[in-house]
Each structure stands twice: as C-alpha cells, then as structure tokens.
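Heads up: the structure comes next, in structure tokens.
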Amino acid sequence: MAASAPLVIAAAALLFAVAGLSLIGYTVLAHRDGLSQRVDGLIAERSAQVSDRTPRRPRPVEGRSEAAPGEWELRQVLLRLGLPAAWASWALPGLRILLSLLLATNLLLLSYGYEDIAFPARLAVSIGVGGALGWLLTGLVLKLVARQHLAAVERGLPDAIELLVVSVEAGLGLEEGLDGLVPELALSQPALAEELRTTAADLKLLPSREEAFARLAERVGGKGVHTVAMTLAQTMRYGTPLADALRMVATELRNDTLLRLEARANRMPVLMTLPMLFFTMPALFLVIGGPAVLRLIDIIGK
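For the sequence shown, the positions run 150 to 451 when the numbering used here is used.
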C-alpha cells in the first residue's frame, strides 16, 4: 500500500497538470476567437461603409467545407437525384449502412453450408466483408450515376445554348429565356432541363447572378458547364452582348463535341485489334491453311 502511494500522487499530479493546461488552452483560444470576431466585425463594417456596390463573391455550396471532398461529391450526386439538401447529409451514411447490412446478411446466409467453421467466425467475416463491400459499392454506384448525369447534361448543352440564343435575339431576357427553354427540353433532355430550372430559380432568388452561375458549375461539374457558367458570369459583370456570348459558347461546345467524336474515331483501330486478332484471324488461317494441313495429314498417313 505504501509502495503504491507515490504512483497515486504522480497520477494525481499529472491529472491536475493536464486539467490546468487544458483550462489555459481553452482561455487562450476563447480570447483569440473573441479578437478574431471583433476584427471580422470591424472589417465587415469598414467594407460596408466604403461601397455598397462591390460585387459579391459566389458563396460555396452548402456543406462542402463540412465534409471531405469525396463525401461532398457523393452528397452532390444525391442532390442531383432530387433529394432535398436537408436529407443528403444523412442519406449517404444511411445508404451505406443499409447496403452493408444487406450484403452481410446474404453472406451470413451463404455461410450456413460451412458448418465446420464456428458461427462467431462466420458472423465476424460476414460483417467485415459485407461492411467493406457496402461502403465501397455505394461510392462506386453513386459516382457512376454522377458520370451518367454529367454526360446527359453535356450531351444536350449545345442545343440548349442555341435555343437560348434564339430566345435572347427575340428580345427575351436570360430568366425568361430559361423559363421558356425548360419545358422544351423536359422530354428530350430531362437532366439538363432540371439543372436549368434550378439555375432559373437561383437567378430569381439569389442577390448575385454570378453566384447562381457558380452554383450551376459547382453542382454539375464538367468542362462544358464550367465554360457556360464562366461566360455568362463575365457577360453579366461587364455588360457584353448576351447573344454574342451565347453564340460563341455554342460554337465552342460544338467544336468540343466534334473533337471528342474524332478522338473516339481515332481510337477505333486500336480497339478493333483484339477482336480481329481473336475472331477474324483464326477463321482466316483456317480457310487459307486448312486444305494444305489436311492434304499434309493425308500424305503422312499414306
């Protein structure tokens, strides 16, 4: 008992030291946060006094700073599928848990044929493998859906921009042109129509048009959508003719589409090499060399 007294005293001293350091650190951090808040308030007040016409920078999409890049991208996929933003934060973990439970249950049912292995071992393996597969497959499926969504949006983007050029040249504004364009694309390009509907709503509700275009590029991604969003934002900022800017963007998107088609056509000879090697060449060798081989076998047999 006496021998353990120094250990108790040392543990108590260490505990008090940690508590004291924690209290000091908390006080310093709280003081620093208070100073930073005061400085931020003074900066905001000075900026408001200098000019009220300073263009606002686009705000980041909600939730991006609170999650890892991969998690944020998967949440964006859920938002593109029509899920409300309030549900996207817990829908991704819910999907992963649900898929993991389904896979673990199936693996456990399949393991009943291996009675020589203990049940706790089978249960642990099923939970581990099912959880890992459920976690990975959820991300893979959502990323596949995101790629398909992006391809669907970019496929109809040149036609949509050209229709928007016609609307603007007819005297309509950007919001009115988008409102008239959405019903026309609802049947042929539903993904693009939904994105344009969201952008039209953002243009009417948000204080800055640049922020609406930034959100469009943030939601969809892709080179074509970023080009359209950046061009429209610069047009709104500098007052350049909207029809000319849209016509230039439509031409650029058409050229990009032609370049992608040419690149795919140039890859065709390489992609056709293996099918020709495994399917065409054996039949050709059989037709050309088959009679000679049969005759050689006949001669050797005689």
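By construction, the Cβ of each residue, glycine as well, lies at the ideal position given by its N, Cα and C atoms.
Here the structure is a predicted model, which means the values were calculated and not measured.
8 Å CB neighbourhood of residue i in its chain, flanking five on each side removed
| i | result |
| --- | --- |
| ALA353 | Here the sequence assigns Lys to residue 353, which means Ala is not the residue at that position. Cβ within range, chain order: GLU324. |
| ALA361 | THR348, ASP351, LEU352 and LEU355 |
| ILE266 | SER260 |
Chain B contact for residue i (CB, 9 Å cutoff)
| i | result |
| --- | --- |
| ALA267 | Absent from the structure: chain B. Only one protein chain is present. |
Within 9 Å, strictly: CB atoms of residue i and residue j
| i | j | result |
| --- | --- | --- |
| THR384 | ALA399 | no |
| LEU341 | GLY329 | no |
| ALA412 | VAL317 | no |
| VAL314 | ARG396 | yes |
| ARG346 | VAL331 | yes |
| THR287 | LEU241 | yes |
Cβ separation of residue i and residue j, assumed to be a contact under 8 Å, to the nearest whole Å
| i | j | result |
| --- | --- | --- |
| ALA382 | GLU359 | 5 Å |
| GLY279 | LEU256 | 5 Å |
| GLU333 | LEU312 | 7 Å |
Cut-off 7 Å between Cβ atoms - residues of its own chain near residue i, not counting five sequence neighbours on either side
| i | result |
| --- | --- |
| LEU402 | LEU306, PRO307, ILE310 and GLY373 |
| PRO390 | none |
| THR376 | VAL398 and GLU401 |
| LEU407 | none |
| THR125 | With the chain represented from 150 up to 451, any question about residue 125 goes unanswered, as that position is not in the structure. |
| ILE449 | none |
| LEU365 | GLU344, THR348, VAL374 and ALA378 |
Through-space distance from residue j to residue i, alpha-carbon basis
| i | j | result |
| --- | --- | --- |
| GLY243 | ASP351 | 29 Å |
| ALA432 | ARG409 | 34 Å |
| ALA363 | LEU355 | 11 Å |
| GLY371 | LEU299 | 7 Å |
| ALA281 | LEU248 | 10 Å |
| PRO339 | TYR261 | 46 Å |
| PRO209 | VAL290 | Only weak support is given to the placement of PRO209: the predicted model assigns it a pLDDT of 43, under 50, and the value that follows is read from those uncertain coordinates. Roughly 26 Å separates the two Cα atoms. |
| LEU423 | TRP239 | 46 Å |
| ALA378 | LEU336 | 23 Å |
| LEU272 | PHE434 | 55 Å |
| ALA414 | ALA295 | 25 Å |
| LEU259 | PRO440 | 53 Å |
| ASP447 | ILE437 | 17 Å |
| ALA270 | ILE246 | 21 Å |
| LEU445 | LYS451 | 10 Å |
| MET425 | ARG304 | 31 Å |
| LEU443 | PHE427 | 23 Å |
| TYR263 | VAL274 | 13 Å |
| VAL302 | LEU293 | 14 Å |
| ASP405 | PHE268 | 58 Å |
| VAL419 | GLN297 | 25 Å |
| MET421 | LEU285 | 33 Å |
6 Å Cβ shell around residue i - same chain, five flanking residues per side excluded
| i | result |
| --- | --- |
| LEU327 | LEU345 and ALA349 |
| ILE276 | ALA253 |
| THR380 | ALA394 and VAL398 |
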